[in-house]
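Have a look at the structure below before the remarks.
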Amino acid sequence: MSVKVLSPVKGVLAPITEVPDPVFAQAMVGPGLAVHPELTAGDAVSPVDGTVVTLHPHAFVVATAEGPAVLVHLGIDTVKLKGEGFTLHVAKGDSVKAGQPVIGWDPKAIEDGGRSPICPVVALDATAENLVDVREPGPVEAGDTLFTWQR
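Counting from 1, one number per residue, gives the positions in the sequence shown under full-length UniProt numbering.
Okay, here's the thing in C-alpha cells:
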C-alpha cells in the first residue's frame, strides 16, 4: 500500500525540524515535512483523497481509504485565533479529492499577527521509515507530491 501525499499550499518546502513547535519539530505526532507558505491569501487543499475526519479552522486531518491519515496544520499557535481569518470549504465527514480546497486563509495575516504561518504536513501513526521518495527542500506548488507513504 502506498499513498502519495501532496502539498496543501504553495511555498518553500522545509524539513519538519524547522517548525517552531517541538511537538511537530520532534515528530511527536508523526513524520512529515513543512511548507513555508507564499504570503498571499488562498486555499489550503487536501493532500490526499479521503474523508475529512478532523476539521478545525486552523487544521484538518484527511483519512485515506487505505487507512493512513494526514494532518495539515495552518500556522503555529493559530488555534488561539479561534477561527478568525479562516474559511471552511468542507465539513467533517466529507469526502475530498487530493487538491480540493479545504480551508481558505491568509498566511500574511498570520505572520502580521506575530505567529509563524509554516504548515506542517504530517503522516499520522507512521514512522520515518514509512516515508519514501521524500521531496528535497525548495519551491513547491500546491498539489506537488511531497512524499509517498509506504506500508
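We put the beta carbon where it would ideally sit given N, CA and C, even for glycine.
In DSSP terms, what residue i is bridged to
i, result
"Gly83", "DSSP output for Gly83 lists no bridge partner at all."
"Leu74", "Note: Leu74 sits in no beta bridge, so no partner."
"Ala44", "Ile103"
"Asp35", "Per the sequence shown, the amino acid found at residue 35 is Val instead of Asp. Leu13, Cys119, per the DSSP bridge assignment."
"Leu88", "Ile103"
Cutoff 6 Å; reference residue i; Cβ partners in own chain excluding five residues on either side
i, result
"Gly143", "Leu6, Gly99"
"Asp77", "Arg115"
"Thr148", "Ser2, Lys4, Val132, Asp133"
"His73", "Ala59, Pro120"
Short CB-CB distance (under 9 Å) between residue i and chain C
i, result
"Val35", "Reference to chain C is not applicable here, since this structure consists of a single protein chain."
Own chain residues within Cβ distance below 7 Å of residue i, not counting five before or after
i, result
"Pro139", "Val12"
"Gly50", "Val62, Ala63, Thr64, Ala65, Val96"
Helix, strand or coil at residue i [DSSP, three-state]
i, result
"Ile16", "helix"
"Ala128", "helix"
"Val29", "coil"
"Ala109", "helix"
"Val134", "coil"
"Pro139", "strand"
Of the listed residues the options, nearest to residue i (C-alpha basis)
i, options, result
"Lys92", "Phe60, Gly30, Ile76", "Phe60"
"Pro20", "Arg115, Phe86, Val102", "Arg115"
"Gly67", "Asp133, Leu146, Ser2, Phe147", "Ser2"
"Pro8", "Phe86, Leu146, Arg135", "Leu146"
"Pro37", "Lys108, Glu136, Asp112, Pro22", "Lys108"
"Gly75", "Leu55, Pro47, Glu111", "Glu111"
"Gly42", "Pro22, Gly85, Leu55, Val79", "Gly85"
"Asp94", "His73, Thr54, His58, Gly83", "Thr54"
"Val79", "Pro22, His56, Ala69", "His56"
"His58", "Gly113, Pro137, Trp105", "Trp105"
"residue 153", "Val48, Gln26, Lys10, Met28", "Outside the shown range of the chain, which is 1 to 151, sits residue 153, and nothing can be said about it."
Residues near residue i in its chain [Cβ-Cβ closer than 8 Å; skip 5 each side]
i, result
"Pro31", "Ile16, Val122, Ala123, Ala126, Thr127, Ala128, Asn130, Leu131"
"residue 167", "The question about residue 167 has no answer, for the chain in this structure spans 1 to 151."
Whole-angstrom C-beta distance between residue j and residue i, which should lie under 8 Å
i, j, result
"Ile103", "Leu81", "The pair is not a contact, with the Cβ atoms about 12 Å apart (cut-off 8 Å)."
"Val62", "Pro101", "Not quite, the Cβ-Cβ distance comes to about 13 Å (not below 8 Å), so this is no contact."
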